[in-house]
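A.B. asks:
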Amino acid sequence: MLALVMLFGLVSALGGSAMAADVTIDSTNFPDANFREFVKQYDTNNNGVLNTEELAAVTTMDCGYYNIASLKGVEHFTALKTFYCYNNQLTSLDLSSNTALMHISCYNNQLTSLDVSAVPAIRDAVVNGTKDSSNPAYDFY
Ligand SMILES: [Ca+2]
3 MLALVMLFGL VSALGGSAMA ADVTIDSTNF PDANFREFVK QYDTNNNGVL
53 NTEELAAVTT MDCGYYNIAS LKGVEHFTAL KTFYCYNNQL TSLDLSSNTA
103 LMHISCYNNQ LTSLDVSAVP AIRDAVVNGT KDSSNPAYDF Y
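Numbering (this note's numbering), first residue to last: 3 to 143.
#1: Who are the near neighbours of residue 143 in its chain, counting only those whose CB is closer than 8 Å to its CB and skipping five residues on each side?
#2: Residues in its own chain within less than 8 Å of residue 95 by CB, not counting five upstream and five downstream?
#3: Apart from the five residues on each side of it in sequence, which residues of its chain come closer than 8 Å, Cβ to Cβ, to residue 125?
#4: Pick out every residue whose C-beta is nearer than 6 Å to a heavy atom of ligand 1: which are they, in chain order?
#5: Quick one: using the 10 Å Cβ neighbour count with 16 as the cut-off for buried, is residue 48 buried or exposed?
#6: Exposed or buried, residue 34, counting other C-beta atoms within 10 Å across all chains shown (16 or more means buried)?
#7: Around the Cβ of residue 11, are there at least 16 other Cβ atoms within 10 angstroms (buried) or fewer (exposed)?
#8: Would DSSP call residue 58 helix, strand or coil?
Below, the structure written as structure tokens:
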């Protein structure tokens with residue numbers, strides 16, 4: 003009986019790790035308190051977790067003027083097509099997981115570079131003080 007319980011526990015643990023798409027809204031996944039508060043609007047069933055369906059529903063995000071210093075956690079929003087994060091306190095921005103992005107606007111931050119080489123669909127990026135040589139057609143302000 004003990005062995006059976008242990009086996010069941012092991013299967014449950016494996017099942018839990020397989021559900022990697024569920025993202026708990028906590029300080030580990032979203033270290034920045036302002037961004038963490040911001041993403042709660044996408045938790046449509048208010049259970050403190052962003053599941054696959056809730057994440058897939060977010061194709062546009064506008065978090066301008068939220069005093070955000072880190073967008074760690076945005077990588078979970080893989081369905082994003084349009085992403086606005088202008089007028090924040092960002093010093094870095096990693097969009098390498100947001101491969102569906104077409105439009106980015108991230109001016110008025112403290113970014114020194116923006117690498118969008120992993121974002122093949124990108125059509126325009128509005129950035130200030132930076133230039134990604136992989137696509138000279140971007141707008142820079
Ligand atoms: Ca939820």
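The beta-carbon is built from N, C-alpha and C at its ideal position, and this holds for glycine as well.
Quantities reported herein were computed from a predicted structural model and do not represent experimental measurements.
C.D. replies: In terms of the structure at hand:
#1: Position 141 of the sequence shown, counting from 1, holds the residue named residue 143. Any reading at residue 143 must be qualified, since the residue scores a pLDDT of 44, below 50, and its modelled position is unreliable; the value itself is stated next. Here the set comprises 109, 128, 129, 130.
#2: What you label residue 95 is simply residue 93 of the sequence shown in a count that begins at 1. Excluding positions up to five away in sequence, the list reads 73, 87, 108, 111, 113, 116.
#3: The count along the sequence shown starts at 1 and reaches residue 125 at position 123. Apart from sequence neighbours up to five positions away, the residues of its chain that approach residue 125 with a beta-carbon distance below 8 Å are 104, 105, ordered along the chain.
#4: With 6 Å as the limit between CB and the heavy atoms of ligand 1, the residues that fall short of it are 45, 47, 49, 51, 52, 53, 56.
#5: In the sequence shown, counting from the first residue as 1, residue 48 sits at position 46. Its Cβ having fewer than 16 others within 10 Å, residue 48 is exposed.
#6: Locating residue 34 in the sequence shown gives position 32, counting from the first residue. Residue environment analysis places residue 34 among the buried positions, since at least 16 neighbouring C-beta atoms fall within 10 angstroms of its C-beta.
#7: On the sequence shown, residue 11 is found 9 positions in, with the first residue counted as 1. At residue 11, the pLDDT of 49 sits below 50, so the modelled position is not reliable and the matter cannot be decided from this model.
#8: Position 56 of the sequence shown, counting from 1, holds the residue named residue 58. Per DSSP, reduced to three states, the secondary structure at residue 58 is helical.
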